[in-house]
Amino acid sequence: MTISTTSFNFVREVVRAESAIVLEPGKEYLVESRLLPLARQAGHPDVDAYVGELSTRRNPGALKLVVEALTTNETSWFRDSDPFTALRQSIFPTLAKTRSHREIRVWAAACSSGQEPYSILMTAQDTPELAGWKIDMLATDLSQEMLDKAKAGEYSQLEVNRGLPATTMVRHFERSGLNWKINPALAAQVQFRQLNLVRPFPPMGKFDIVFLRNVLIYFDLATKRDILRRVRQVMAPDGHLFLGAAEMTMGVDDAWERVPAGRSSVYKVREEQPTCAR
Amino acid sequence: MTTGTAPDPALVHAAFEQVWGSMLFTAFEPWPADAVPELGPGVQAQIELRGDWNGRIILTCDTEVATQIAGAMLGAPAEEVLPDDDVHDAVGEVLNVVGGSVKGALGGVMSLGLPGVTEATSPPSPDSSIIISWYGAPVFVEVVPDAA
Amino acid sequence: MRALIVDDSRAMRRIVGRILSDAGYEVLEAGDGQEAIDVLEAQAELPALACVDWNMPVMDGLTFITEVRKRPEWRSITLMMVTTESEQDRIVRALAAGAHEYLIKPFTGEALMEKLDLLGLLPVPAGDLS
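Residue numbers (full-length UniProt numbering), protein chains in the order written: chain G, 1 to 278; chain X, 1 to 148; chain Z, 1 to 130.
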């Protein structure tokens with residue numbers, strides 16, 4: 001059984017509006033299979049009934065689940081807000097006391113269309129302790145298409161509406177036709193590079209901060225463990241790793257320790273590596 | 001008198017496309033070149049742009065299509081019968097959002113009027129319109145500069 | 001919590017109203033700035049939030065925001081423009097007049113929720129919607 005054209009079209013437009021990702025005809029199976037668990041959870045016999053209710057209720061929380069089920073890319077600015085608050089209030093000020101060369105190295109390891117690295121840079125600019133500092137920002141993604149978009153720094157009206165405070169928007173963006181273009185000086189601070197997390201990393205040096213959010217969930221346990229092990233090797237000894245809100249290192253790679261940071265938490269490499277289990 | 005440049009059809013097209021997807025949850029389909037657009041008794045919505053360029057964007061479609069557009073925008077259940085006022089209001093708001101997007105993209109000093117919606121009296125000329133296909137029915141969009 | 005939606009379009013009030021009531025708000029409505037002032041004056045309990053369109057008959061949204069900011073007893077209301085006006089200088093003007101946030105039409109429901117999150121006005125934190 002496949003879903004009706006009406007259901008598919010509705011889901012396609014919701015996903016396009018929220019994420020700029022287009023589900024081409026032929027992806028009905030994908031929609032059906034990804035949404036069936038959500039439909040069942042919501043008490044519907046099939047996806048059509050579920051989408052029917054979605055299209056009349058338009059509950060943003062439910063629509064968000066649909067978009068997340070169908071996309072692997074993140075599109076919000078300052079996503080989840082807490083990590084950025086933690087950067088501004090504690091992590092950046094702490095690093096500012098310990099880095100005599102006035103430079104902080106950051107890696108956004110799954111940068112998608114660029115909202116995350118740009119949000120980190122904007123946060124650094126809002127941190128008084130970092131006035132006059134350089135942020136050496138590397139942003140990588142598997143998709144060259146996403147990297148090209150990130151580098152161009154041009155976003156639709158729908159994209160700039162997502163989580164970007166109005167004051168930040170007028171400070172860092174200029175109107176470009178129907179779209180908004182990020183300040184070129186900000187874009188020039190990011191080095192964009194294609195990188196597959198599953199493969200050995202190229203030489204990159206050590207990072208003070210790594211964002212690896214909402215990407216491990218797509219890998220199996222062995223791959224997760226391998227990625228976290230290799231990320232450890234590119235961390236400065238007092239470096240901070242950010243994972244997605246629903247992700248953790250516990251039980252995957254216990255060489256990491258979870259430390260509280262504001263309302264959320266970050267991960268640091270344990271000073272003493274745990275020995276093998278007895 | 002009109003001094004600035006009229007909005008480019010590609011811009012108007014793109015503004016509709018954005019509104020169609022995000023407000024109506026419907027893919028924007030251009031009218032097929034080989035089909036003849038026919039219009040029944042209809043609804044006409046217009047919005048004025050004033051400033052560097054002076055003119056109007058006008059949307060014309062038949063009553064049934066207008067009702068469906070309003071229903072899609074509101075997420076109205078199929079059994080809900082929308083009164084004419086609500087249909088006119090919804091179609092007017094669609095055009096208001098398109099008008100604002102177009103105005104913002106044009107830049108310069110411009111202001112936007114309030115949308116007006118009436119019964120359509122005469123069908124627009126297909127030659128001077130962007131025509132959108134609403135599930136096989138035509139929606140006419142015209143960009144009309146003020147007479148000099 | 002209560003929210004006031006000020007928009008001359010009934011359709012837009014219904015759309016924004018549904019999102020806000022799903023988020024746990026009790027929704028009040030007004031069709032223009034003057035009506036919104038009348039609604040506020042009649043309330044024993046002020047809304048925490050007002051979503052305000054710009055272009056409206058009688059009194060526009062910018063004037064309404066300016067009027068609200070003149071009244072100390074209405075200081076507690078968080079003001080968000082929700083409008084198709086999208087030039088940079090319009091946003092700056094609205095913020096200067098006292099708007100706390102600015103959401104440009106067209107927007108998606110999630111964008112509205114994220115703005116509420118920014119304003120600390122989301123009864124349920126964004127991450128916990130499931």
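By construction, the Cβ of each residue, glycine as well, lies at the ideal position given by its N, Cα and C atoms.
With DSSP as the reference, label residue i as helix, strand or coil.
{"i": "G:Glu146", "result": "Going by the sequence as given, residue 146 of chain G is Met instead of Glu. Correct three-state label for G:Met146: helix."}
{"i": "Z:Leu112", "result": "helix"}
{"i": "G:Ala173", "result": "For clarity, residue 173 of chain G is Phe in the given sequence; the question names Ala instead. The answer is strand: DSSP assigns G:Phe173 an E or B state."}
{"i": "G:Asp254", "result": "coil"}
{"i": "G:His44", "result": "coil"}
{"i": "G:His240", "result": "strand"}
{"i": "Z:Pro123", "result": "coil"}
{"i": "X:Pro126", "result": "helix"}
{"i": "X:Asp146", "result": "coil"}
{"i": "X:Phe140", "result": "strand"}
{"i": "G:Val115", "result": "For the record, residue 115 of chain G in the displayed sequence is Gln; it is not Val. G:Gln115: helix per DSSP, three-state reduction."}
{"i": "G:Ala131", "result": "coil"}
{"i": "G:Asp126", "result": "coil"}
{"i": "G:Arg193", "result": "strand"}
{"i": "G:Glu159", "result": "helix"}
{"i": "G:Phe8", "result": "helix"}
{"i": "G:Glu103", "result": "strand"}
{"i": "G:Tyr50", "result": "helix"}
{"i": "G:Phe211", "result": "strand"}
{"i": "X:Ser22", "result": "helix"}
{"i": "G:Thr223", "result": "helix"}
{"i": "X:Tyr135", "result": "coil"}
{"i": "G:Leu38", "result": "helix"}
{"i": "X:Asp8", "result": "coil"}
{"i": "G:Pro60", "result": "helix"}
Between which residues of its own chain and residue i is the CB-CB distance below 8 Å, once the five residues before and five after are set aside?
{"i": "X:Pro37", "result": "Trp31, Pro126, Ile131, Pro138 and Phe140"}
{"i": "G:Asn161", "result": "none"}
{"i": "Z:Met1", "result": "Gly24, Tyr25, Glu26, Pro47, Ala48, Leu49, Leu121 and Pro123"}
{"i": "G:Arg102", "result": "Gly132, Trp133 and Lys134"}
{"i": "G:Ile227", "result": "Leu197, Val198, Leu212, Leu216 and Phe219"}
Leaving aside the five residues before and after residue i along the sequence, list all residues of the same chain whose C-beta is less than 6 Å from its C-beta, in chain order.
{"i": "X:Ser133", "result": "Glu29 and Trp31"}
{"i": "G:Gly114", "result": "Ala150"}
{"i": "G:Arg270", "result": "Ala255 and Glu257"}
{"i": "G:Ser55", "result": "Phe10"}
{"i": "G:Leu164", "result": "Trp77"}
{"i": "G:Leu216", "result": "Lys224 and Glu247"}
{"i": "Z:Val16", "result": "Ile5 and Cys51"}
Give every residue of the same chain whose Cβ lies closer than 7 Å to the Cβ of residue i, excluding the five residues on either side of it in the sequence, and list them in chain order.
{"i": "G:Leu147", "result": "Asp141, Phe192 and Gln194"}
{"i": "G:Val14", "result": "Leu63, Val66 and Val67"}
{"i": "G:Pro83", "result": "Phe242 and Ser264"}
{"i": "X:Val94", "result": "Val19, Met23, Ile69 and Met73"}
{"i": "Z:Gly61", "result": "Val6, Gly33, Val52, Asp53, Trp54, Met81 and Thr83"}
{"i": "G:Asp48", "result": "Ile3, Ser4 and Ser7"}
{"i": "Z:Asp89", "result": "none"}
{"i": "G:Ala69", "result": "Arg34, Leu35 and Leu38"}
One question on the structure: do residue i and residue j come within less than 7 Å of each other, judged by their Cβ atoms?
{"i": "Z:Glu29", "j": "Z:Ile65", "result": "no"}
{"i": "G:Ile120", "j": "G:His240", "result": "no"}
{"i": "X:Leu59", "j": "X:Ala45", "result": "yes"}
{"i": "Z:Met59", "j": "Z:Gly31", "result": "no"}
{"i": "X:Ile57", "j": "X:Gly113", "result": "no"}
{"i": "Z:Thr108", "j": "X:Asn96", "result": "no"}
{"i": "X:Ala10", "j": "X:Val102", "result": "no"}
{"i": "G:Val190", "j": "G:Met137", "result": "yes"}
{"i": "G:Gln89", "j": "G:Gly251", "result": "no"}
{"i": "G:Asp80", "j": "G:Ala245", "result": "yes"}
{"i": "Z:Ala11", "j": "X:Asp89", "result": "yes"}
{"i": "G:Phe8", "j": "G:Val31", "result": "yes"}
{"i": "G:Ala96", "j": "X:Ser22", "result": "no"}
{"i": "X:Ala91", "j": "X:Val65", "result": "In the sequence on display, residue 91 of chain X carries Val and not Ala. No, the pair does not count as a contact, with Cβ atoms beyond the cut-off."}
{"i": "Z:Val82", "j": "Z:Leu116", "result": "no"}
{"i": "G:Asn179", "j": "G:Glu145", "result": "no"}
{"i": "G:Tyr50", "j": "G:Ala39", "result": "yes"}
Give a single yes or no on whether residue i has its beta carbon closer than 6 Å to a heavy atom of the ligand SAM.
{"i": "X:Pro32", "result": "The ligand SAM is absent from the structure shown, which contains no ligands of any kind."}
Query raised in the report: Taking the runs of the beta strand (DSSP E) that are 3 residues or longer, which of them lie wholly in the UniProt domain "Chemotaxis phosphatase CheX-like" (43 to 121) of chain X?
Result: As far as the UniProt domain "Chemotaxis phosphatase CheX-like" (43 to 121) of chain X is concerned, its whole beta strand (DSSP E) runs of at least 3 residues are 55 to 62, 110 to 112 and 116 to 119.
Requested in this report: Check whether the stretch 39 to 46 of chain G touches the stretch 120 to 133 of chain G, counting contact only when three or more Cβ pairs, one atom from each stretch, lie closer than 8 Å.
Outcome: No: fewer than three Cβ pairs fall under 8 Å.
**Report entry** the stretch 56 to 75 of chain Z in contact with the stretch 93 to 109 of chain Z per 3-pair CB rule at 8 Å
**Finding:** yes
Query raised in the report: Which parts of the UniProt domain "Response regulatory" (2 to 120) of chain Z are runs of the alpha helix (DSSP H), unbroken and 4 residues or longer, counting only runs that do not cross its ends?
Result: 10 to 22, 33 to 41, 61 to 70, 88 to 97 and 109 to 118
Query - Touch test, the stretch 42 to 49 of chain Z against the stretch 72 to 79 of chain Z, Cβ-Cβ under 8 Å, three pairs minimum - result: Yes, they touch.
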